[in-house]
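Chemist: Dropping the structure in here first, questions after.
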């Protein structure tokens, strides 16, 4: 009889295991991808001119593979006068000679794919360069290009020309600064950004087709996705009415509709060409309501927006309670089971180590890389590169150059775009040239890849461990839960998945050492916890630690593992399942998988019972 009990318990275990495994719906590769953002001009110079290029990136692919990333995202590499660092595109289907040529790009794709790395491109549908052929023909009023851009007559006051309305440029806050007079056409053209970047007229079907052709060109070159820039500004008020607080030139509903069109076109392309699904992400700084609309609706698939909350809302003084609120508020807003993403810094913002603090970087990387969804890493972030002070006469960013010597530093993005710091050599191994496109940070001899790669406790090696851990199914498919302790100085988040180990990420956001008792939150976790990853500033001498007595120095952080499976032991009620949005196909697949598991389990059960009966 005891044998029957043993077998029945085994059968129950098999049935439960089948039920548990059936919950793990397959995800697209991009839903949990770790993407490394490369500012091409600042990553690696291969020819000694002090400027980064495509061959330089190719030469560093083994390093990138070793980091544990899944994809690289390249900021613009297209033909451009480079007034706005390549976001002023003069030819969407060619490479700027500074970076190489199309053959170099083909080699990059090939070599990246050989290493199982994906390549994402930056696409700018909102505007082109004023040196683009389209604008040249439009400025001459030549059909069909005459309305490829936004042209208007404006007004006159005596001999003074007055812009059509009060719209302002992001590069200037003076009324009417978003308009520039064109002597040849005798009209004003609109530019939300620099005057060298005229906005395309996206209400023109010919323009839309041109942009779809651009997508097609790069898709045929086997790129793996697109970051779609400046979504907020696609459309403007059609009647050119004066605006208040930007309401006529950003966040219009038509922007979302165009995002749906781009998604539909690329999804159709993937289907027709039997290709791997593509990563698509939209850059938008709109209201939460607009951001959520980009995800799509019941009739249209959309494109997830960048989630900038770790940039805009987390600072060097942020408490654990504040960070918890930031995260929970975003998860409450996104559509049920939709994928999200996390980013600590990028080319438009101060570097994480400068903004948040060197001592907090590893802890925030734990947050960034171990939360559910995609994670983005800005080049150099893995070694905690810092912003560099750029002098007025060194500034090349038009956001800074368009201001005064007294105010430029408040606007320039150059400090976060300096050359990558590889080693101790000339120009930090970025270039053989002593002169680089922007000056190096003076700390490069202490803070570089070579200096950190052989240290067991370094930002770089902590990052690599996190990148590897995030591929575990607990992090790709598991639940999450946030908590705080010690009067808001300790932030905790738990990742768990049924029949798998449970992980606790414990971050000290305070300025002194803290003793943490996890059992006040999770009383059923009594056994010692394994220390899986420690921040480079953490002090510990053992491989395990008591959940009752976790000691963290100021700003230190630990990833802890409980080998016991998740059994819903938390006293709280904060856990939210984070599986991705299910299409009908996914739901059917999950149902089929579940049925197969049950049928298989029953077959095994019958066999076991039959064998036991025969034995007796």
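Residue numbers (mature numbering (1 follows the signal peptide of the UniProt record, and there is no 0)): -22 to -1, 1 to 594.
Where a beta carbon is used, it is the ideal one built from N, C-alpha and C, also for glycine.
(1) So, for residue 410: in the same chain, excluding its five sequence neighbours on each side, which residues have a beta-carbon less than 6 Å away from its beta-carbon?
(2) Helix, strand or coil for residue 44, going by three-state DSSP, please let me know.
(3) Taking the continuous alpha helix (DSSP H) assigned at residue 287, which residues delimit it?
(4) Could you tell me whether the Cβ atoms of residue 511 and residue 494 are closer together than 8 Å?
(5) To the nearest whole angstrom, what separates the beta carbons of residue 139 and residue 156, a pair I think is in contact under 8 Å?
(6) Excluding the 5 residues preceding and the 5 following residue 407 in the sequence, name in chain order all residues of the same chain whose CB lies nearer than 6 Å to its CB.
(7) Taking contact to mean at least 3 C-beta pairs separated by less than 8 Å, is the segment 36 to 45 in contact with the segment 112 to 132?
(8) Find the nearest neighbour of residue 438 within the set 340, 369 and 474, judged by alpha-carbon distance.
(9) I'd like to know whether the C-beta atoms of residue 30 and residue 18 end up nearer to each other than 8 Å.
(10) How big is the Cα-Cα spacing for residue 133 and residue 146?
(11) Identify, in the order they occur along the chain, each residue of the same chain with its Cβ nearer than 7 Å to the Cβ of residue 392, setting aside the five sequence neighbours on each side.
(12) Can you tell me whether residue 485 is buried or exposed? The criterion is at least 16 other CB atoms within 10 Å of its CB, across all chains shown.
(13) Which complete beta strand (DSSP E) runs does the segment 474 to 501 hold, if anything under 3 residues is left out?
(14) Excluding the 5 residues preceding and the 5 following residue 162 in the sequence, name in chain order all residues of the same chain whose CB lies nearer than 7 Å to its CB.
(15) Measuring only the C-alpha atoms, how far is residue 243 from residue 179?
(16) What residues are listed by DSSP as bridge partners for residue 207?
(17) Expressed to the nearest angstrom, what Euclidean distance is found between the alpha-carbon atoms of residue 173 and residue 267?
(18) Quick check: the segment 343 to 354 against the segment 450 to 461, are there 3 or more CB pairs under 8 Å?
(19) Classify residue 566: buried if its beta carbon has 16 or more other beta carbons within 10 angstroms, exposed otherwise.
(20) Could you pull out every residue in the same chain whose Cβ sits closer than 6 Å to the Cβ of residue 507, ignoring the five residues on either side in sequence?
(21) If you follow the beta strand (DSSP E) that residue 260 is part of, which residue opens it and which one closes it?
(22) Could you give the C-beta distance for residue 321 and residue 354, rounded to a whole number, given that I count them as a contact under 8 Å?
(23) Does DSSP put residue 359 in a helix, in a strand, or in coil?
(24) Going by DSSP, what residues sit across from residue 134 in a beta bridge?
(25) Taking C-alpha atoms, which residue in 13, 22, 331 and 6 lies nearest to residue 95?
(26) Count the other CB atoms, across all protein chains shown, that sit within 10 Å of the CB of residue 440; report buried if there are 16 or more and exposed otherwise.
(27) Going along the chain, which residues of its own chain have a beta-carbon closer than 6 Å to the beta-carbon of residue 596, five neighbours each way excluded?
(28) Curious, which full-length beta strand (DSSP E) runs of at least 3 residues does the segment 304 to 356 contain?
(29) Should the segment 327 to 336 be regarded as contacting the segment 279 to 294, the criterion being three or more beta carbon pairs within less than 8 Å?
Modeler: Inspection of the coordinates gives the following:
(1) As a first step, residue 410 is located in the chain shown; it is residue number 432 there, counting from the start. Hits under 6 Å: 26.
(2) On the chain shown, residue 44 is found 66 positions in, with the first residue counted as 1. Looking at residue 44 - three-state DSSP - the assignment turns out to be helix.
(3) Sequence index remark: in the chain shown, residue 287 carries index 309 (1-based). Residue range 287 to 290 is occupied by the alpha helix (DSSP H) that includes residue 287.
(4) Start at 1 with the first residue of the chain shown, and residue 511 comes out as number 533. Start at 1 with the first residue of the chain shown, and residue 494 comes out as number 516. Taking 8 Å as the Cβ cut-off, residue 511 and residue 494 do not qualify as a contacting pair.
(5) If you number the chain shown from 1, residue 139 lands on position 161. If you number the chain shown from 1, residue 156 lands on position 178. Not a contact, Cβ separation roughly 15 Å.
(6) Here residue 407 is taken as the residue at index 429 of the chain shown, counted from 1. Cβ within range, chain order: 400 and 401.
(7) no
(8) Residue 438 sits at position 460 when you count from the first residue of the chain shown. Considering only alpha carbons, the answer is 340.
(9) Stepping through the chain shown from its first residue, residue 30 is reached at position 52. Stepping through the chain shown from its first residue, residue 18 is reached at position 40. Their beta carbons are under 8 Å apart, which means residue 30 touches residue 18 by this criterion.
(10) Locating residue 133 in the chain shown gives position 155, where the first residue counts as 1. Locating residue 146 in the chain shown gives position 168, where the first residue counts as 1. In a straight line, the C-alpha of residue 133 is about 17 Å away from that of residue 146.
(11) Residue 392 sits at position 414 when you count from the first residue of the chain shown. Excluding positions up to five away in sequence, the list reads 368, 373, 374, 375, 378 and 416.
(12) The residue you call residue 485 lines up with position 507 of the chain shown. Its Cβ being crowded by 16 or more others within 10 Å, residue 485 is buried.
(13) 479 to 486 and 492 to 494
(14) The residue labelled residue 162 in the question sits at position 184 within the chain shown. Correct list, in chain order: 117 and 118.
(15) For the purposes of this step, residue 243 is identified with residue 265 of the chain shown, where counting begins at 1. For the purposes of this step, residue 179 is identified with residue 201 of the chain shown, where counting begins at 1. Cα to Cα, the separation comes out at about 19 Å.
(16) The count along the chain shown starts at 1 and reaches residue 207 at position 229. None, per the DSSP bridge assignment.
(17) Taking the chain shown and counting its residues from 1, one reaches residue 173 at position 195. Taking the chain shown and counting its residues from 1, one reaches residue 267 at position 289. Approximately 30 Å between the Cα atoms of the pair.
(18) yes
(19) Your numbering for residue 566 matches position 588 in the chain shown. Only weak support exists for where residue 566 lies, its pLDDT of 39 falling under 50; the value from the coordinates is given anyway. Per the 10 Å Cβ criterion, exposed.
(20) The count along the chain shown starts at 1 and reaches residue 507 at position 529. The residues are 523, 525, 538 and 540.
(21) Here residue 260 is taken as the residue at index 282 of the chain shown, counted from 1. It spans 257 to 260 - the beta strand (DSSP E) in which residue 260 sits, taken as one unbroken run.
(22) What you label residue 321 is simply residue 343 of the chain shown in a count that begins at 1. What you label residue 354 is simply residue 376 of the chain shown in a count that begins at 1. Right, the Cβ-Cβ distance comes to about 4 Å (below 8 Å), so this counts as a contact.
(23) The residue you call residue 359 lines up with position 381 of the chain shown. Here residue 359 sits in helix by DSSP.
(24) Counted from its first residue, the chain shown places residue 134 at position 156. Residue 134 is bridged by DSSP to 139.
(25) The residue given as residue 95 occupies position 117 in the chain shown. Nearest option by C-alpha distance: 13.
(26) For this step, residue 440 is matched to residue 462 along the chain shown. When all chains shown are included, residue 440 counts as buried.
(27) Because the chain here runs from -22 to 594, residue 596 falls outside it and cannot be looked at.
(28) 319 to 321 and 352 to 356
(29) yes
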